[in-house]
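**Q**
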Amino acid sequence: MAKLEKAGIPTVIIDLPDQENLLKLEALRAGVPNIRYVHASRTVPGPADVDNIFASIMEGLTKPLTEKEKGNGSWTPPDQQRILFEGTLDEAQEFYQQVEYVPSPTRANICVYTDGFPIVLPTEERVREMLTGTSHKPDEVISLRRDRTVRSNEATVLGRANASTMVKKKGEPVQMSPNGWTATVEQVAVNAVMAGCKPEHLPVVLAIAESGLPISSTHGLGQLVCVSGPVVKELGFNTGCGVFGPGSPVNSPIGRSYYLMSRNLGGGIPGVTRMNSLEGPFSNGGCCIAENVDGLPPDWEGLNEEFGFDKDQSIVMVASPGGIQHQGFRPGGYRAFQKSGHGGMARRLGVKGVPGPHNWLEYILPGMFSQREHGWTLVMVPEMARHLYEYGFKSKTEIYEWLYKKSFEPLATFKLRSGPDVETNGWMGVEKLSGKHWKELPDDYMVPIMDSPAENCIIVAGGEEETSEQMGGGRGQAYGIDAWR
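So for the sequence shown, this note's numbering puts the first residue at 1; every next one is plus one.
(1) Could you say which of 396, 483 and 28 lies nearest to residue 302 if we only look at CA atoms?
(2) Check whether the Cβ atoms of residue 123 and residue 97 sit closer than 8 Å, and answer yes or no.
(3) Alpha carbon to alpha carbon, how far is residue 415 from residue 425? Give it in angstroms, no decimals.
(4) Could you round the C-beta distance between residue 141 and residue 182 to whole angstroms and report it? I think they count as a contact, below 8 Å.
(5) Among 436, 418 and 252, which one has its Cα closest to the Cα of residue 237?
(6) Run through the DSSP bridge pairs and tell me what residue 393 is partnered with.
(7) Report the rounded CA-to-CA distance for residue 308 versus residue 146, giving the unit in angstroms.
(8) What whole-angstrom Cβ distance do residue 384 and residue 224 have, given they're in contact under 8 Å?
(9) Fully enclosed by the region 24 to 100, which alpha helix (DSSP H) runs are 4 residues long or longer?
(10) According to the neighbour-count rule (16 or more other Cβ atoms, all chains shown, within 10 Å of its Cβ), is residue 354 buried or exposed?
(11) In the DSSP assignment, the beta strand (DSSP E) including residue 191 goes from what residue to what residue?
(12) Roughly how many whole angstroms lie between the Cα atoms of residue 468 and residue 460?
(13) With 16 as the cutoff for other CB atoms within 10 Å, does residue 389 come out buried or exposed?
(14) Can you list the alpha helix (DSSP H) stretches of 4 or more residues lying completely in the region 322 to 347, in chain order?
(15) Starting from the Cα of residue 199, find the closest Cα among 44, 34, 268 and 126 and give me that residue.
(16) Is DSSP giving residue 450 helix, strand or coil here?
(17) Closer than 7 Å by C-beta to residue 235: which residues in its own chain qualify, once you throw out the five before and the five after it? Chain order, please.
(18) Do you know offhand how far residue 523's Cα is from residue 118's?
(19) Could you give the distance in angstroms between the alpha-carbon of residue 311 and the alpha-carbon of residue 281?
(20) Please classify residue 456: does DSSP put it in a helix, a strand, or coil?
(21) At the level of alpha carbons, what is the spacing between residue 487 and residue 137?
(22) Under the DSSP definition of a beta bridge, which residues are partnered with residue 109?
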């Protein structure tokens with residue numbers, strides 16, 4: 001639409017009233033700050049809603065652009081001095097906790113610089129000490145450390161692995177979401193101080209910043225960060241019991257740095273540019289977990305190797321889960337199932353009385369595929385990973401392929417899902433496996449609910465009690481940590 005507007009062709013955005021602030025800021029970022037728009041309704045029935053806005057749409061499409069509407073613009077970070085505040089530490093803490101009122105749809109006071117929790121004040125001395133954790137100069141702009149193929153912003157928001165992609169080259173400045181700002185190493189260090197990180201944590205935080213700090217859509221749960229490689233033991237990450245929880249002086253502050261950078265370096269404001277309807281546990285204080293490489297079954301690759309890095313290289317994966325399922329098996333139920341084939345799990349899978357190992361993924365699969373399309377990220381404790389290995393999955397890839405094959409369902413069932421209505425262009429597009437138009441296919445044609453096996457991801461971490469977490473949205477993107485040392 002921005003390209004058409006800049007060519008002098010009027011366009012009209014149809015959006016919702018509560019999205020108006022986001023619409024205006026996105027238009028400003030695209031260089032068309034005065035683009036025309038009308039508000040549709042979330043509740044008025046479709047035909048009546050069209051009747052209400054049709055005249056405004058037609059007027060907007062046919063009326064020539066005014067000189068003001070032809071004007072361009074861009075949204076840049078507020079012009080702030082390097083020293084943000086001078087005063088006592090108590091006064092500074094109060095300054096950093098200041099709030100601004102965000103109207104609909106938030107209708108609440110939102111902190112201007114923080115995530116709502118108290119912070120470590122980023123004094124000159126503390127920032128200078130933080131910068132000793134990297135060899136990169138303070139004024140260096142965060143840029144890509146390697147060539148990267150990325151999905152378009154729309155594809156990222158929708159979780160669509162088959163959508164348009166673009167190649168970004170090593171050395172390109174990273175644009176921080178959602179406003180496309182750039183940031184320096186020092187600015188990242190400031191936020192690392194605020195989060196409670198130590199200098200040795202800074203390369204991890206810089207690698208997170210290299211991701212551009214993507215934020216999820218209205219239905220996302222926030223961002224999950226997972227670290228893999230030698231740095232896990234080097235820094236003392238918690239990879240065991242309570243890996244998603246509090247208590248670690250490494251996991252927690254590094255996870256927290258994500259939201260602080262999103263707010264201060266990318267301009268992510270709840271209810272304005274960060275539109276998650278409910279948000280989720282991954283954003284409340286941040287979430288950084290780490291892979292338990294010692295818990296991997298033989299020949300299973302770590303995340304670093306899965307993403308094309310060497311075994312002795314450290315990486316951070318940034319993902320945006322679109323849903324989460326916690327599989328807490330009843331006490332003893334899982335063990336009885338694996339040891340001797342007793343209990344309801346064994347009866348459901350038809351292995352009653354047959355000693356294990358058994359494929360426990362068969363048990364949870366119906367719930368995983370019931371509502372969510374595309375791949376999954378599975379976090380499982382080492383014992384459950386070992387059972388899958390003993391069952392016959394000698395690599396993660398074999399599991400990914402098994403999940404893909406299991407995801408096929410009749411087209412008649414596939415049509416009952418909400419996501420494909422958008423992703424098939426209202427069923428007017430072409431189904432990629434058959435090469436035929438969707439409407440030419442019979443109802444019994446089998447369709448996968450994920451695009452490829454590679455959408456899936458397995459993380460081995462956690463304690464001794466048998467449990468797993470399944471997160472929709474598939475795997476994230478990985479960024480090297482060692483390049484930021």
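A virtual CB, placed ideally from N, CA and C, is assigned to each residue, including glycine.
**A** Answer, in terms of the structure:
(1) 396
(2) no
(3) 13 Å
(4) 5 Å
(5) For residue 237, the nearest C-alpha among the options comes from 252.
(6) According to DSSP, residue 393 bridges with nothing at all.
(7) The alpha-carbon separation between residue 308 and residue 146 amounts to approximately 12 Å.
(8) Not really, about 19 Å apart at Cβ, beyond 8 Å.
(9) 46 to 62, 67 to 70 and 89 to 96
(10) Exposed, since its Cβ has fewer than 16 Cβ neighbours within 10 Å.
(11) Counting along the chain, residue 191 falls outside any beta strand (DSSP E), though it belongs to the alpha helix (DSSP H) covering 185 to 195.
(12) 10 Å
(13) A residue is called buried once 16 or more other Cβ atoms fall within 10 Å of its Cβ, and residue 389 is buried on that count.
(14) Correct list: 333 to 340.
(15) Closest in alpha carbon position to residue 199, among 44, 34, 268 and 126, is 126.
(16) coil
(17) 200, 201 and 250
(18) The question about residue 523 has no answer here: the residues shown for the chain are numbered 1 through 485.
(19) 30 Å
(20) In the three-state DSSP reduction, residue 456 falls in the coil class, being neither helix nor strand.
(21) The requested residue 487 is not part of the displayed model; the chain covers only 1 to 485.
(22) 101
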